[in-house]
Structure formats: structure tokens, C-alpha cells
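To start, the structure itself, in C-alpha cells.
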Amino acid sequence: MIKIHTQTFGQGQPMVLVHGWAMHSGIWRHFAEQLGQSYQVTCVDLPGHGFSEALDAFTLEAVSTTLVNAVPEPQSTWLGWSLGATVVLDIAQRFPERVSSLILLGGNPFFTQAEQWPGMKVNLLEAFAEQLHADCRATLLRFLSLQVNNLPDFKPLLKNLKAAVLECATPDTETLEGGLAILKSADLRSVLAETKVPVSVILGTRDTLVPVKLGEYLVALAPEIQLSIIDKAGHVPFLSHSQVLLDIITEFMDESCV
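If you count by the working numbering, then the sequence shown holds residues 196 to 453, one letter each, in order.
What follows is the structure, given as C-alpha cells:
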């Protein structure tokens, strides 16, 4: 079994935070500390990211199984951001007994744009995959800039993102390519439609990776979800709109624990 790095803050109802592509759990350390004032918050580094060891193959099934084995709590709220949202949906499908509720932050159960489904353009994801070989660092920086585009505080947010990411070594190319492959191919819409646990979906009006229009489609697919839209937020609301996000999560947790 590979070593997975975790860090836990606070006490209370257990919550697990799963970060996005090419990142690590340090990206939302301050936000996790704030959540930890009310909950037991465990941040995990995806395999091959941060301080976690890499998998032989970064596949969705392997990632989900590895994370579940790394978290001791029998049942938790799983909060997934971006690629992390895809992972926690897969965990809900494969290990439903380990999931009390789901929070999908800037996530899309079918990440790529398709006919009658909003998402990220496939050619953009493919371009990222190609550029990883040519210049991995430049590709990651470009990806970071997309996450805060169109925000008034673009420069300080991008600076914070870069500083957080550079705390740890960059994941190897195979791991990064595996993450992009998951985003390109995974379709977990049926999981969202069929899950029996409470689900919160949180989107930003200025997110350039996960379009806010997605909310309409998700509500049509799964009418029971709690959809929250954060005005003027991009793809990293835990950095740009942390108090608003905390309020949304707290309200959802209070309601779903009843």
C-alpha cells in the first residue's frame, strides 16, 4: 500500500477535502483551518501529489480506493474540488458506506463539453496534455492563470496559487497525464442522479473551467441537490470568497446532519 499524506484539523463531524489537478492539500490549508473550527477536517494529497507516493497508474478506480484506505473514519462528508469532485463522486459510487454527504466545489460530473452538456473544451484539455511534455512548468502556470481569470484581484490570487503549489515538487508527467485523462473520459452523471446522500454543488459565476450554466443541467439531472452560486467567484472560491463558501458549507452540513 502506498503512503498517502493527510493532515487533520479540528474536531466534530468528519469531513475529507480532496484537491484538484496538479495541486496538493496545502492549497487550502487556511480554509481547512477555518472549517476545522466546526468539523474534523482531513486534507489528503492525491497519489503522486504533494507528499503522497505515486501510483503505478493514476486511474480513477485506483485513486478512489487509495484515498478510502487512507481515511480511517467509517463515514465522512467528502468535499471535492475540480478533479477532486470527480474523485469523491467515484468514491460515492464504489464505497457508498463511507460517504455521509458530498460537496462538489467547482466540479463537473462530466468535465468536458459535449452536445447538450456544458464543460471545458476537449481540445483545451488535449493541449494541456501535449504541452506537459514540452514544458511542464509553463503548462501548470497557464492552468493556474485560468483558475483566476476574470477576477478583479487576479494578480494577488495568482501569486497565492503559485506560492502554494510550489511548496511541493511538481507531480510527475505520468500522474498529471492520468489526471487529465480522468477529466477527459469520466462520466459520473448517473452517480449524481442516483446517489441517496445529500449533495451540495457550489459554482462560481466567473469560473472559466466549470461554467456556471452547468448548474441548470445538474438540477435537472438531480433535483434534490443543493445548488449554490457564488457571485463573482472563479475556480478557487476558498481563496477569493472564503467566508461566503464557509457559510454555504456550514448551512449544508447543518441541514444534512439533521
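For each residue, glycine too, the CB sits at the ideal point set by N, CA and C.
Name the two residues that bound the continuous beta strand (DSSP E) containing residue i.
i           : result
residue 210 : 209–213
residue 422 : 421–425
residue 385 : From DSSP, residue 385 is part of no beta strand (DSSP E) but of the alpha helix (DSSP H) over 384–389.
residue 239 : 235–239
residue 395 : 394–399
residue 204 : 201–204
Starting from residue i, trace the alpha helix (DSSP H) in both directions and tell me its first and last residue.
i           : result
residue 301 : Neither: residue 301 is in no alpha helix (DSSP H) and is coded neither H nor E.
residue 377 : 368–380
residue 438 : 437–451
residue 277 : First-last for residue 277: undefined, no H or E at that position.
residue 317 : 317–329
residue 260 : 255–265
residue 360 : 349–360
residue 221 : Careful: residue 221 lies outside any alpha helix (DSSP H) and carries neither H nor E.
residue 416 : 409–416
What residues in its chain sit with their C-beta under 6 Å from that of residue i, if we drop five residues either side in the sequence?
i           : result
residue 383 : 284, 304
residue 221 : 359, 362
residue 288 : 386
residue 423 : 397, 443
residue 235 : 205, 206, 207, 209
residue 202 : 238
residue 290 : 263
Candidates the options: which alpha carbon is nearest residue i's?
i           : options            : result
residue 199 : 236, 342, 389, 263 : 263
residue 164 : 450, 445, 340      : Outside the displayed span of the chain (196 to 453) sits residue 164, for which this structure offers no information.
residue 331 : 364, 219, 223, 306 : 364
residue 177 : 323, 276, 245, 352 : Nothing can be reported for residue 177: it is not among the residues displayed for the chain, which extend from 196 to 453.
residue 448 : 245, 340, 241, 394 : 394
residue 219 : 278, 260, 255, 208 : 278
residue 374 : 435, 249, 345, 436 : 249
residue 265 : 251, 235, 292, 242 : 242
residue 256 : 431, 246, 286, 372 : 286
residue 401 : 196, 281, 349      : 349
residue 460 : 225, 336, 228, 274 : Since the first residue shown for the chain is 196 and the last is 453, residue 460 is missing from the structure and cannot be characterised.
residue 421 : 371, 435, 430, 451 : 451
residue 253 : 229, 217, 270, 267 : 217
residue 353 : 377, 376, 431, 419 : 431
residue 297 : 244, 335, 391, 319 : 391
residue 369 : 294, 229, 197, 244 : 244
residue 346 : 426, 246, 233      : 426
residue 367 : 351, 270, 334      : 334
residue 372 : 270, 295, 247, 320 : 320
residue 381 : 315, 247, 306      : 306
residue 376 : 336, 325, 351, 247 : 325
Am I right that residue i and residue j are in contact with their C-beta atoms under 8 Å? What's the rounded C-beta distance?
i           : j           : result
residue 417 : residue 399 : The Cβ separation is near 20 Å, so there is no contact.
residue 213 : residue 239 : 6 Å
residue 343 : residue 356 : 7 Å
residue 378 : residue 281 : 7 Å
residue 317 : residue 308 : 7 Å
residue 197 : residue 272 : Contact flag wrong, Cβ pair sits at about 24 Å.
residue 293 : residue 313 : No, residue 293 and residue 313 are not in contact; Cβ-Cβ is about 30 Å, not under 8 Å.
If you drop the 5 nearest sequence neighbours on each side, which residues of the same chain put their C-beta closer than 8 Å to that of residue i?
i           : result
residue 388 : 416, 417
Grab me the residues of residue i's own chain with a C-beta within less than 7 Å of its C-beta, minus the 5 sequence neighbours each way, in chain order.
i           : result
residue 433 : 223, 226, 440
residue 215 : 276, 277, 278, 279
residue 340 : 353
residue 315 : 306, 307, 308, 404
- Task: Could you tell me whether the stretch 301–317 touches the stretch 397–405, using the rule of 3 or more Cβ pairs below 8 Å?
- Result: yes
- Message: Quick check: the stretch 408–415 against the stretch 437–451, are at least 3 beta-carbon pairs closer than 8 Å?
- Response: no
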